[in-house]
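Remarks on the structure that follows.
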Ligand SMILES: Cc1cc2nc3c(=O)[nH]c(=O)nc-3n(C[C@H](O)[C@H](O)[C@H](O)COP(=O)(O)OP(=O)(O)OC[C@H]3O[C@@H](n4cnc5c(N)ncnc54)[C@H](O)[C@@H]3O)c2cc1C
Ligand code: SF4
Ligand code: SF4
Ligand code: SF4
C-alpha cells in the first residue's frame, strides 16, 4: 500500500513517479513541516484514473536486475575530474565511455541550498552533476522527459538515489528501455532540509553573508616533496559564502555529520528503505570504497578518492568495462565489498530521539542545537584520524610492499 492510500510517510520515498504520470497534472509535491516533500492530489483536477497508485513503487515493484554483482574498485585517471568527484570519479568515467552520440544525461544539480534533477546534452557540462549533495533532489518532470527522449531514440543515462531509479523504472514500465542506462548512488538516507536552513541562518548572522554553495566532500590535493595526496576520507565540507569567504570543516568537527549519522534527521521512508537489500533496480551502483585500507589498500590512491562500482546487469557491466582506458583499479570480491556497505544490506535504524531532535531543530538556535545533539570527536578518534590511523597504516604497508601503484 502506498502513501496515497495510507497517508503513512514511511511508505513514500518522495520519488515523484505519481506526480510525473498524472495525465491531468493533479499531483503537486508539497513540503511537510520537516520540509520533506509528499504528493498531494488536487481533487478538482483528479479523474480517479488510478494511474498514480498503480505506478507507485510501493505498489508495483519494477523488474530487478539479474544480480550480476560484478564488483570493481578504483579511480579515474584524470586528476582534475578526480578532484571534482566525490569518491573515485566512477560516475564521470562511465558517462564518458557510454555517452558517444545522441545521448542525454540526467543527474542531481545544486543551486545554493536547493537540489534538483536536470539533464544535459553535452558531456562538457557534466561538472554540474559531480559531487554528492546530501539533500533529496527534486525530480520535477525528469521521468517524463527521460521517457520522451527514449521514445525519440536517444540514449538516456539516468543517475540518482535507489528510490529515484525505482521510481523511474516504474514510470517506464511499458516503455522500451534498451537505450537506458541507470546509475544509482549507494544511499543511507537523506537529511531534512530544515537543518541546512538553521545552519544558513547561523552563518548569515555570524559572517554577515549567506551560503552560496556547499561542497559536502571538498577535495584538496596537496603536494609534499613532489608527491600529491588528498583528503577524501576526511569528508571535508566547504561552504562558499556570497561574500566570497570559504569555510572548511573536517568531518569529525562537523555537527552535520555527527547528527546525520546518528539517524536523527533522515526522511521517514529511509528508516524502512525498501532498497536497502542486495537486489538492485539500477544497472550500476556507485559508492565510496569504504574499508579500502582493510581489504584492498593498494586502491587507497593516496587518499585522493576511490570508488566502489557494482554492476548489477549485463548492460551495466558492459558499460563499465568500456571505461578500461580511463578508469584504473581491479575486480573485487562482492561479499567482501558488501561488508563495508551497510545500505546494500539493511536500512538505518530509527533513533528514538528523532522527534525531540526535530522539535529542537524547529525552535532552538543552531549553536544550542549542535551543543545538545552532536558528539565531539573522542581523543581516540582524533589520534586515529590525525596521528596514527588508516593513512599511516597504509604508508607502513606501502613501505613494506615497495610503494606498489595501480596503473
Ligand atoms: C544522499 C546520498 C547518500 C549517499 N550515501 C552513501 C553511502 O552511505 N555509502 C556510499 O558508499 N556512498 C554513498 N553515496 C554515494 C557517494 O557519495 C558518491 O556519490 C558515489 O561514490 C559516486 O561518486 P563518484 O566519484 O563516482 O561520482 P560524482 O561525480 O561525485 O557523482 C555524483 C553522482 O551522484 C548523483 N547525486 C549527487 N547528489 C545527489 C542527490 N542528492 N540525489 C541523487 N543523486 C545525487 C549525481 O547525479 C551523480 O550521478 C551517497 C550519495 C548521496 C547523494
Ligand atoms: S487518479 Fe489519475 S487523475 Fe487522479 S491524481 Fe491519480 S493519476 Fe491523477
Ligand atoms: S510514487 Fe513516489 S512520491 Fe508518489 S506516493 Fe509513491 S513513493 Fe511517494
Ligand atoms: S535511504 Fe532509501 S528511501 Fe531514503 S533516500 Fe535513500 S534510497 Fe531513498
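Residue numbers (our numbering): 126 to 532. Note that CB positions come from ideal geometry on N, CA and C, so glycine has one too.
- Its chain contains 332 and 334 as the residues whose beta carbon lies nearer than 7 Å to that of residue 370, once the 5 sequence neighbours on both sides are disregarded; these appear in chain order.
- In the three-state scheme derived from DSSP, where H, G and I count as helix and E and B as strand, residue 150 is classed as coil.
- Ligand 3 has no heavy atom closer than 7 Å to the beta-carbon of residue 313.
- One Cα belongs to residue 273, the other to residue 135, and the distance between them is close to 31 Å.
- When DSSP reads this structure, residue 162 sits in a beta bridge with 156.
- Set against 7 Å, the gap from the CB of residue 478 to the closest heavy atom of ligand 2 is not smaller.
- Nearest neighbour of residue 308 by Cα position, chosen from 437, 482, 453 and 184, turns out to be 437.
- At the C-beta level, residue 127 and residue 183 come within 8 Å of one another.
- When beta bridges are read from the DSSP output, residue 230 appears opposite 245 and 282.
- If you check the CB distance, residue 453 and residue 199 come in under 8 Å.
- Contact holds between the stretch 472-485 and the stretch 387-399, because three or more Cβ pairs, one in each stretch, are under 8 Å apart.
- Take residue 170, set aside five residues on each side of it, and the residues of its chain with a beta-carbon closer than 6 Å to its own are 149 and 151, in chain order.
- Counting C-beta atoms within 10 angstroms of its own C-beta, residue 268 has 16 or more neighbours from the protein chains shown and is therefore classed as buried.
- The residue from 216, 450, 441 and 507 with its alpha-carbon nearest to that of residue 306 is 441.
- With a cut-off of 7 Å, the C-beta of residue 354 is classified as distant from ligand 2, since no heavy atom of the ligand falls inside that distance.
- Counting the other Cβ atoms within 10 Å of the Cβ of residue 412 gives 16 or more, which makes it buried.
- Runs of the alpha helix (DSSP H) spanning 4 or more residues and lying entirely within the stretch 341-407 occur at 380-386, in chain order.
- The criterion of a C-beta distance shorter than 8 Å is not satisfied by residue 311 and residue 463.
- A direct Cα-to-Cα measurement between residue 339 and residue 262 gives close to 14 Å.
- For the 8 Å CB-CB criterion, residue 494 and residue 506 do not form a contact.
- The three-state reading of DSSP puts residue 287 in helix, counting H, G and I together.
- Per DSSP, reduced to three states, the secondary structure at residue 422 is helical.
- Residue 210 is a Cβ neighbour of residue 255, given a cutoff of 8 Å.
- For residue 394, the distance from the CB to the nearest heavy atom of ligand 4 is below 7 Å.
- For residue 169, there is no enclosing alpha helix (DSSP H), as DSSP marks it with neither H nor E.
- Residue 400 has its Cβ nearer than 7 Å to a heavy atom of ligand 4.
- Three or more beta-carbon pairs drawn from the stretch 282-293 and the stretch 223-242 are found closer than 8 Å, and the two stretches are therefore classed as touching.
- Bridge pairing for residue 457: absent [DSSP].
- Residue 409 and residue 325 have their C-alpha atoms spaced approximately 35 Å apart.
- Around the beta carbon of residue 480, a 10 Å sphere encloses fewer than 16 other beta carbons of the protein chains shown; the residue is thus reported as exposed.
- DSSP, read as helix, strand or coil, puts residue 209 in helix.
- Secondary structure of residue 258 (DSSP, three-state): coil.
- Non-local C-beta neighbours of residue 508 in its own chain, meaning closer than 6 Å and more than five positions away in sequence, are absent.
- Taking residue 190 as the centre and dropping the five residues before and after it, the same chain places the C-beta of 405, 437 and 438 closer than 6 Å to its C-beta, in chain order.
- Close CB contacts of residue 427 within its chain, under the 8 Å cut and outside five residues either way in sequence, are with 352, 353, 354 and 355 (chain order).
- In this structure, DSSP gives residue 236 an extended state, which the three-state scheme calls strand.
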